[in-house]
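A short write-up of the structure that comes next.
There are 2 protein chains.
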Amino acid sequence: MLSERRLEVLRAIVQDYVGTEEPVGSKALTERHRLGVSPATVRNDMALLEEEGYIAQPHTSAGRIPTDKGYRLFVDRLAGVKPLSSPERRAIQNFLDGAVDLDDVVGRTVRLLAQLTRQVAVVQYPSLTRSTVRHVELLSLAPARLMLVLITDTGRVEQRLIDCPSPFGEASLADLRARLNSRVVGRRFTDVPPLVQDLPESFEADDRGTVSTVLSTLLETLVEEAEERLMIGGTANLTRFGHDFPLTIRPVLEALEEQVVLLKLLGEANESGMAVRIGHENAYEGLNSTSVVSVGYGSGGETVAKLGVVGPTRMDYPGTMGAVRAVARYVGQILAES
Amino acid sequence: MLSERRLEVLRAIVQDYVGTEEPVGSKALTERHRLGVSPATVRNDMALLEEEGYIAQPHTSAGRIPTDKGYRLFVDRLAGVKPLSSPERRAIQNFLDGAVDLDDVVGRTVRLLAQLTRQVAVVQYPSLTRSTVRHVELLSLAPARLMLVLITDTGRVEQRLIDCPSPFGEASLADLRARLNSRVVGRRFTDVPPLVQDLPESFEADDRGTVSTVLSTLLETLVEEAEERLMIGGTANLTRFGHDFPLTIRPVLEALEEQVVLLKLLGEANESGMAVRIGHENAYEGLNSTSVVSVGYGSGGETVAKLGVVGPTRMDYPGTMGAVRAVARYVGQILAES
DNA sequence: TCTGGCACTCGAACGTACAGAGTGCCAACG
DNA sequence: CGTTGGCACTCTGTACGTTCGAGTGCCAGA
């Protein structure tokens, strides 16, 4: 068990290291923080903290830097989430309010987040699996060619081309369109499949093939779109990473291009709260020297997608968490309004 | 005027420098290339080339490196476009053939280009201004709320919400939808405005406000979408840039996030051929130590958008140009087929 | 016009020395 | 027992001087 003061020492180390990016020694610590004890005492505490694995020395006779475990303790017990100032909040709201469509909302969010945290921002487009259907449209492009357009309540539009097994008349088309909409509009994507299962039966034999094709395309679209889209921004902030540059930055850039990796990272954000993955806690090894702060966002209590930032383990956790949470809230509001 | 041999020396310098990334001296040159003359002669030639501004020395008594002007001459007169090998061509075609929709085509293209050139790839989505309308759909979401969906022949879908000044009946809606489509389907975007100008007049007074709103939204969409979307990839290749890292890479990453800047860069690609902008020829100063190779692509002789790569001025121009041209061709083919 | 020779320059690499920051340990103190 | 001041030790980073080598410019001769 660590005494109160030892925790205080760890907190001071983390704060100083985050600020200076340099290993911090006992003397500097006592000067910068009012710990009320002498450097020698701090040295003893540091030796203990090191023994427990919370801090480490890059080399003998250098200062200490926090380990992943140290950051973890810091985040869990020593640091709160730093709320943004109210001018900041207003700025966020104003900036997001200017968005004209979904792409714009996501684009603005990613820029905002990158700017606030001075790190790399990642924003997932609102997920279709959680959304509901606003409208399904069927268009006839050619005698045996249809286009299926799916419109969601989050403002997303997906379209698919369909080659029909047999020509499909305008009347049947209108019929199918009407029936489809009456059954699925307002429904959640996950609820759709059983609702349309029996539709082909109510059509004439000639048309059943086409109806089935349309339905399977629709269901496919719902599933496929679980494979989400992402937007990232602020990669230029990577250049602030440190001195040991190319080695650190390269795998990060690679990871950022692997949407699958990013989605997994974001995916680890807990339903309710914020998730902070520190260094080696990230499964993807290219990101072993970075931390990921992510959180879900959505409108009206529903989490429709996630967003977060990727930065060095040596980051300002309270500030970053505050910014991420605030942005997530405001984006949720914007989505709810539109 | 530069003699044949001097040009040959310049070519050798460029090739060696691109290969080794190190200033190249007279002795090394004669060893690596069969110039048929001694190092002393080459030195004289180099002195002259330097006087003319084609090469420079980083410091006295170091080898020479090409200047932007030197690269320019190299590209214009000394180097051809290196065609890809036929296995490469097959690989490209196979890879692009697997694409399922427009997003996928662009995504694959950007990855392909980044991989082939080992540089940063930028691909513009097919432009709407050049495309034609495949279908316009109008949906009623609420009594006084419509959704406009625009579908293009390149497979893009755009949607806009419309708040009507007055309620709009289903009959009027169907009427407007039919008239709109009969007038604009198959037309180029730029041709649309005059074709729909007189539409409000043929509706009843009550509906004219709404019809006008719909039309202006439609025209707005066409124009707004001239503000194009981009996809970029291969940013990890920036880490191969050089030793003077952070200074070079930072402004490039920043530029890459400024879509406007990128669009301008691509925009400089000539209608017909390929454009190569070397170093300071780029208007944006963050890219002063990079070169941009760009070319238009499209289906059936029409240029619908552009693509290209951004890399260090010290790049393999013939190879890069070959890859860019080849990819552009195949993307054009794919678009023509779909 | 080309070539070989020669003196010169300058950066990169290496070794040494030194200062500074930080540590661990220990004895002493409240 | 926890805390403190003192002290010897161990590193890294920096500065400095030397050497080495690649490359140059110039010149005289073929």
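Top line first, the protein sequences correspond to chains A and B.
So in the numbering used here, spot 201 of the first sequence is number 201, and the numbers just go up one at a time.
The number in the numbering used here is simply the position in the second sequence, starting from 1, with 338 added.
We treat Cβ as the ideally placed atom computed from N, Cα and C, and that holds for glycine.
Asked, Found
"DSSP bridge partner residues for Q342 (chain A) (one or two, in chain order)", "Here chain A comprises residues numbered 1 to 338, so residue 342 (chain A) is not present and cannot be evaluated."
"Touching by the beta-carbon criterion (3+ pairs, under 8 Å), the stretch 183-193 of chain A and the stretch 502-522 of chain B", "no"
"Where the alpha helix (DSSP H) through Q259 (chain A) begins and ends", "259-267"
"Where the stretch 143-168 of chain A meets chain B: residues whose CB sits under 7 Å from a CB there", "M147, V149, I151, V157, Q159"
"Contact with chain A by L451 (chain B), beta-carbon distance below 8 Å", "no"
"Same chain, Cβ closer than 6 Å to L454 (chain B), five either side skipped, listed in chain order", "A661"
"Alpha-carbon spacing of N94 (chain A) relative to I334 (chain A), whole angstroms", "11 Å"
"Nearest-angstrom Cβ-Cβ length linking A664 (chain B) and I430 (chain B), presumed shorter than 8 Å", "6 Å"
"Expected contact under 8 Å - CB spacing of L514 (chain B) and V458 (chain B) to nearest Å", "In fact, because the Cβ distance is near 45 Å, the residues do not count as touching under 8 Å."
"Selection from B:V647, B:G657, B:E508 that minimises the alpha carbon distance to V448 (chain B)", "B:V647"
"Residue-level contact to chain A via CB, G571 (chain B), 8 Å cutoff", "yes"
"Run of the alpha helix (DSSP H) containing T455 (chain B), from where it starts to where it stops", "440-455"
"Rounded distance between the beta-carbons of R525 (chain B) and V537 (chain B), thought under 8 Å", "In the sequence as presented, Val is not what sits at residue 537 (chain B); that position holds Leu. Between R525 (chain B) and L537 (chain B) the Cβ distance is about 14 Å, and since that is not below 8 Å, they are no contact."
"Residue-level contact to chain A via CB, T289 (chain B), 8 Å cutoff", "One cannot answer for residue 289 (chain B) here, as it falls past the ends of chain B, which runs 339 to 676."
"For R32 (chain A) and D45 (chain A), believed in contact at Cβ under 8 Å, the rounded distance", "The Cβ separation is near 15 Å, so there is no contact."
"Partners in chain B for L307 (chain A), counting only beta-carbon separations shorter than 9 Å", "None at all; the shortest Cβ gap to chain B is about 17 Å."
"Three-way DSSP call (helix, strand, coil) for Q93 (chain A) in this model", "helix"
"Among A:C164, A:V105, A:A47, A:Q159, nearest to P143 (chain A) - alpha-carbon criterion", "A:C164"
"Residue span of the beta strand (DSSP E) that contains M653 (chain B), given as start and end", "Here M653 (chain B) belongs to no beta strand (DSSP E), and DSSP marks it neither H nor E."
"Beta-carbon separation (whole angstroms), R250 (chain A) vs T577 (chain B), contact threshold 8 Å", "4 Å"
"Chain-order list of residues whose beta-carbon lies under 7 Å from that of Q259 (chain A) (same chain, five-residue window excluded)", "L230"
"Residue burial classification, P650 (chain B) (beta-carbon count within 10 angstroms, cutoff 16)", "buried"
"For A482 (chain B), the three-state DSSP class (helix, strand or coil)", "coil"
"Span separating the alpha-carbon of R108 (chain A) from that of R329 (chain A)", "14 Å"
"D153 (chain A) and S131 (chain A) closer than 8 Å at C-beta", "yes"
"Inter-residue Cα distance where the pair is M274 (chain A) and E281 (chain A)", "15 Å"
"Reduced DSSP secondary structure (H/G/I, E/B, other) of Q333 (chain A)", "helix"
"For Q535 (chain B), the three-state DSSP class (helix, strand or coil)", "coil"
"Neighbour list for H280 (chain A) in chain B, Cβ cutoff strictly below 8 Å", "Here the premise fails: no neighbours, minimum Cβ distance about 21 Å."
"Nearest-angstrom Cα separation, counted from V530 (chain B) out to L422 (chain B)", "41 Å"
"Beta-ladder partner(s) of I249 (chain A), from DSSP", "Looking at the DSSP assignment, I249 (chain A) forms no beta bridge with any residue, so it has no partner."
"Coarse secondary structure for Y71 (chain A), derived from DSSP in three states", "helix"
"R344 (chain B) versus B:T379, B:T658, B:Q462, B:A574, residue with shortest Cα-Cα distance", "B:T379"
"Closer than 8 Å to chain B by CB, R314 (chain A)", "no"
"Short Cβ contact (8 Å threshold) for L440 (chain B) with R494 (chain B)", "yes"
"Cβ-Cβ distance between S127 (chain A) and E228 (chain A) below 8 Å", "yes"
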